[in-house]
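Under my numbering, the first residue of the sequence shown is numbered 1, with each subsequent residue one higher. Encoded as structure tokens, the structure appears first; notes follow it.
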Amino acid sequence: MKIIIVSALKKEIIILAKKNNFIKKKKIYIKSIYKKKILLSKLGIGKTSSGIQCSLLLKKYKPNLVINIGTAGSLTKNLKIGDYIIPNKLCYHDVDMTQFNNSIGQIEGFPKKFKVNLNFFLKTKKFFKKNNIKFKTGLSLSGDQFINNKKKVKKILKFFPKSISVDMESAAIAQTCYIFKTPFLIIRTISDFSNNNSNIIYKKNNNYVIKKYSNLIYKLINFL
Numbered sequence: 001m002k003i004i005i006v007s008a009l010k011k012e013i014i015i016l017a018k019k020n021n022f023i024k025k026k027k028i029y030i031k032s033i034y035k036k037k038i039l040l041s042k043l044g045i046g047k048t049s050s051g052i053q054c055s056l057l058l059k060k061y062k063p064n065l066v067i068n069i070g071t072a073g074s075l076t077k078n079l080k081i082g083d084y085i086i087p088n089k090l091c092y093h094d095v096d097m098t099q100f101n102n103s104i105g106q107i108e109g110f111p112k113k114f115k116v117n118l119n120f121f122l123k124t125k126k127f128f129k130k131n132n133i134k135f136k137t138g139l140s141l142s143g144d145q146f147i148n149n150k151k152k153v154k155k156i157l158k159f160f161p162k163s164i165s166v167d168m169e170s171a172a173i174a175q176t177c178y179i180f181k182t183p184f185l186i187i188r189t190i191s192d193f194s195n196n197n198s199n200i201i202y203k204k205n206n207n208y209v210i211k212k213y214s215n216l217i218y219k220l221i222n223f224l
């Protein structure tokens, strides 16, 4: 089984690579763990960078699964800093093609929501429950902006009232995997609350949440 783990930031990938002595080959970190070939790669920030880099990885390596790790801003009061989210579906909060009979957040020719692979999703939920790790699942959103404004949150929740989190890459990764017909999972940790102080809170908690999920991801790979 071949798994590609991707993230927006270089430091999110490096900390994973150092934990298990991955071998660096150009911009990719590679190692076999639990009879699975694991590749680590940075995609870059935002929808365009993540979509392009993910496409190149899928075309070259043809993985059985893509796992996107990283951070996200909470859109619900039920999530705290460091909590895990495992979205079951994703879409964009900054896409509007409703003039052509599409749903808000939907791109013409694509589903209203991108759904994660059910088999891997259920295994991941089972792993979290077995290890008594708190998590929340539901709709996660992406857009090319860092949300740190209550007015923006209010606007997002107007159209997506049941959404749990927001980031800048995961929906683009989901769309890319949909095109390549590749199973994917999104596993992120909450770094901020998408409010007026989000940039400060994010900087304060970024290293903490990265280290937190880096301790978990390899155990999950064994379970998958």
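All C-beta atoms, glycine included, are put in the ideal place defined by N, C-alpha and C.
Just to confirm, are residue i and residue j a CB contact at a threshold of 8 Å?
i    : j    : result
I221 : K36  : yes
I190 : A72  : yes
F135 : F223 : no
I186 : N78  : no
L65  : I3   : yes
Y29  : I45  : no
I311 : S103 : Not covered by the structure: residue 311. The range shown for the chain is 1 to 224.
S74  : S163 : no
N88  : F121 : yes
S140 : L90  : yes
K47  : S142 : yes
K42  : I210 : no
On the DSSP letters alone, give me the boundaries of the beta strand (DSSP E) that residue i sits inside.
i    : result
I104 : Run containing I104: none; DSSP gives neither H nor E here.
T176 : Premise fails: T176 lies in the alpha helix (DSSP H), S170 to F180, not in any beta strand (DSSP E).
V153 : Careful: V153 lies outside any beta strand (DSSP E), inside the alpha helix (DSSP H) at K150 to F159.
V95  : Note, V95: premise wrong, no beta strand (DSSP E); not H, not E.
Using CA atoms only, rank isn't needed, just tell me which of the options is closest to residue i.
i    : options                   : result
S32  : K26, N196, K42 and N21    : N21
Y84  : K19, D192, I200 and N196  : D192
V116 : Y202, Y218, I107 and P183 : P183
K219 : K80, K123 and K203        : K123
Along the chain, where does the alpha helix (DSSP H) that runs through residue i open and close?
i    : result
I14  : K10 to K19
F120 : L118 to K130
V66  : Note, V66: premise wrong, no alpha helix (DSSP H); beta strand (DSSP E) at L65 to S74.
Y61  : K47 to Y61
When we look at the beta-carbon of residue i and count the other beta-carbons within 10 Å, is it buried (16 or more) or exposed?
i    : result
N119 : exposed
G109 : exposed
K86  : The question names Lys, yet the displayed sequence has Ile at residue 86. Classification of I86: buried, given that the 10 Å Cβ count is 16 or more.
Y213 : buried
T98  : exposed
Q145 : exposed
Y34  : exposed
So does the region 162 to 174 actually touch the region 49 to 58, counting three or more Cβ pairs closer than 8 Å?
yes
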